[in-house]
Each structure stands twice: as structure tokens, then as C-alpha cells.
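This report concerns only the one structure given below.
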Amino acid sequence: MILTFFWIFGVIAMGSALLCITRKNPVASALWLVVTLFALAALFVLLDAQFIAVLQILVYAGAIMVLFLFVIMLLNLGRPGPTDIRGPAGLLTATVLAGALLLLLRPISEAALPSSIQLPPGTVLALQQQQGIVGSVANPLFDAYLIPFEIASVLLLAAIVGAVVLAKRKL
Amino acid sequence: MLLSPALAISAVLFVLGVAGVLFRRNVIIIFMCVELMLNAVNLTFVALAQSLGMGGQVFVFFVMAVAAAEAAVGLAIILAVYRHKQSVSLQNMNLLRDG
Chain A
28 MILTFFWIFG
38 VIAMGSALLC
48 ITRKNPVASA
58 LWLVVTLFAL
68 AALFVLLDAQ
78 FIAVLQILVY
88 AGAIMVLFLF
98 VIMLLNLGRP
108 GPTDIRGPAG
118 LLTATVLAGA
128 LLLLLRPISE
138 AALPSSIQLP
148 PGTVLALQQQ
158 QGIVGSVANP
168 LFDAYLIPFE
178 IASVLLLAAI
188 VGAVVLAKRK
198 L
Chain B
-6 MLLSPALAIS
4 AVLFVLGVAG
14 VLFRRNVIII
24 FMCVELMLNA
34 VNLTFVALAQ
44 SLGMGGQVFV
54 FFVMAVAAAE
64 AAVGLAIILA
74 VYRHKQSVSL
84 QNMNLLRDG
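What follows is the structure, given as C-alpha cells:
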């Protein structure tokens, strides 16, 4: 049952990603990417990562995609114009390279994890029951990953300052 | 149980992102394809977190923080380039090409 739902949402994610990269209109592209992000959030729920799924919808589908749509509207790119898809030579090169990459990545999905590094089955679920769904993510974040967390805050500050400096006409 | 379908879906999404970067010329769409690739990697992290511990889910956090920073700075660069060139097509960004 879970596997069926997993494949349904997986096919939705892959199909809308394909539509996203083939639509001519950037607005349509962005909206298909939002569909992909929602389908990925559903996959995260099925993989016992409910908190990450909520973050995916709030941060990605909410904040980041609104930023994209905002820039598309600001630059007035929604109007019909010449296509930006490359010609036959470029299309062929892209297809061949992407196909080669897919062939290279195929063994990964068939590989089995060595049992020595796997946790016993049910460990993550037990942890989530014991500490709560948010707590089980927050505990390692503020404990083992505290220094990367602080560095991420500096990165975000640098991004804010950088975006203001770049987007302003004159300081 | 869900690990290998998740890895397969994530590989397909990543390849679609790469293909989009290769055959589009619109910088904003190329940027969205980069986001698609980041999301494919997030799916891998979450799928492996199920059997290898919560570290994977914490890493998705950091990927999202980096993606947000990247989107803010990248879109600001696109705005600056558009103001200069009146275009977002890669065809018109050939300042480094000789001749």
C-alpha cells in the first residue's frame, strides 16, 4: 500500500519535473516545479520525515518559488516570445549526456547497504516516538551539528547582504 | 523497503535537472533546474536517513539553507545582468568569448 502511494507520488514528481524543463513559458515552468516540490513533500512523509516535508512546503514551495515567480513577473518574462530551447544539435548533446548520466546512476538504486552500518529496523520510528518528530531532528541539529548550524547563519547573513548589494542600483 | 525506489526516483529527477541545464538558454529556468537537482539529493538524504540515522534529515536542513542563500544571491545577479543587457538569455552573455 505504502509502496503504491510512493510510486504514484514518484511518477507525479518525475512527470511534472519533465514538464517543468520542457515548458516554454517560465511561469508555467515554475508552477510545474511547485507540483514537483509538493510531490517530493509527499515522498518525505512516506519516508518518515514529516517535519522535513513541512519545511519543504514552507521554505521551497512557499518562499523560494515565490521569489522565482516574483523575479519572472518583475522582468516581465511571461509574455510569448522566441523559444529558449537549444537547436537540434544542442538537444541531441543534452539527451546523450543525460542518458549517459542516468546509466551511470542506475547501479546506485540497485545497491544494497552493508548491514554493518545499518541501524536495526524501527530505530528511527522508536526515536520519533520517544523524542517527537521535531525533537528527533532538532536534537542532533543543536548537539552534534551545532557548529555547522552557526556557520549556516553566517552564510544566510552574507546572502542577505550580497543580495541587497547586487540588486541595488546605487549604494 | 522504500530505499531503492526512492534512489531511482531521485536519480531520474537529478538527470532531468542536468538535462534542463544543458538544453535551456533562459537563466531563470536553468536556475530552477539547479533547485530540482538539490531536491533530488534531498530525497536521497531522507531515504538513507531511514536506515542510517537522523543525520540525513539534519543535512536536508543545511541543503535548504544553502539553496535559499543561492536563490537570493542568484536572482539578484540575474536582476543586475538584466538591467545591463535587457535579456536573460545565455546567448547574450558572451563577454568572455574571444572575437
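One line per chain: the protein sequences are A and B, in this order. Note that our numbering gives residue 114 to position 87 of the first sequence, counting from 1, and the numbers run on in steps of one. Note that our numbering gives residue 88 to position 95 of the second sequence, counting from 1, and the numbers run on in steps of one. Beta carbons: idealized from backbone N, C-alpha and C, even for Gly. For clarity, every value in this text was computed on a predicted model and none was experimentally measured.
To the nearest angstrom, how far is it from the Cα of residue i to the Cα of residue j?
i      : j      : result
I39/A  : A88/A  : 16 Å
R50/A  : T122/A : 16 Å
I22/B  : I35/A  : 26 Å
A165/A : F71/A  : 17 Å
R196/A : S143/A : 57 Å
I178/A : L184/A : 10 Å
I70/B  : F97/A  : 14 Å
G162/A : N32/B  : 23 Å
A66/A  : I48/A  : 16 Å
F24/B  : A12/B  : 12 Å
K78/B  : N85/B  : 8 Å
Q155/A : A65/B  : 33 Å
If we cut at 8 Å on Cβ distances, does residue i have a partner in chain A?
i     : result
R90/B : no
V34/B : no
N19/B : yes
M30/B : no
M86/B : no
V66/B : yes
V39/B : yes
V11/B : yes
V56/B : no
V94/B : Chain B is shown only over -6 to 92; residue 94/B falls outside these bounds and no answer can be derived.
Which of the three DSSP states, helix, strand or coil, is assigned to residue i?
i       : result
N19/B   : strand
I160/A  : helix
S136/A  : helix
S(-3)/B : helix
V82/B   : With the sequence shown as reference, residue 82/B is identified as Ser, and Val is not the correct amino acid for it. Here S82/B sits in strand by DSSP.
I144/A  : coil
Select from the options the residue whose C-alpha is nearest the C-alpha of residue i.
i       : options                        : result
G105/A  : V81/B, V74/B and E63/B         : V81/B
F78/A   : V51/B, L15/B and M86/B         : V51/B
A40/B   : V191/A, Q145/A and L182/A      : Q145/A
A1/B    : V81/A, M28/A, L131/A and Q83/A : L131/A
I84/A   : T63/A, L96/A and M100/A        : T63/A
A(-1)/B : S136/A, G126/A and F32/A       : S136/A
I160/A  : V61/A, L74/A and T110/A        : L74/A
M100/A  : N52/A, L128/A and R133/A       : N52/A
T37/B   : G49/B, C26/B and L29/B         : G49/B
R18/B   : Y172/A, L118/A and A55/A       : L118/A
L94/A   : V61/A, A44/A and T31/A         : V61/A
E63/B   : L83/B, E28/B, V74/B and L15/B  : E28/B
R113/A  : L9/B, M(-6)/B, V14/B and G10/B : V14/B
A80/A   : A90/A, V86/A, A68/A and R133/A : A68/A
F54/B   : A190/A, L173/A and V192/A      : L173/A
Would residue i pass as an interface residue toward chain B - the criterion being a Cβ-Cβ separation below 8 Å?
i      : result
Q145/A : yes
F32/A  : no
P167/A : yes
G149/A : no
L118/A : yes
F71/A  : yes
I112/A : yes
F65/A  : no
E177/A : no
L94/A  : yes
I48/A  : yes
L173/A : no
Quick one: residues in its chain with C-beta nearer than 8 Å to the C-beta of residue i, no 5 flanking neighbours on either side, listed in chain order?
i       : result
V34/B   : S3, F7 and V56
L(-4)/B : A40, L41, Q43 and S44
S43/A   : W59, L60, V62, T63 and A66
A186/A  : none
Leaving out five residues before and five after residue i in sequence, what residues of the same chain have Cβ atoms less than 6 Å from its Cβ?
i     : result
L46/A : W59
Please work out which residues of its chain come closer than 7 Å, Cβ to Cβ, to residue i, disregarding the five sequence neighbours upstream and downstream, and give them in chain order.
i      : result
V20/B  : I71, V81 and L83
G108/A : none
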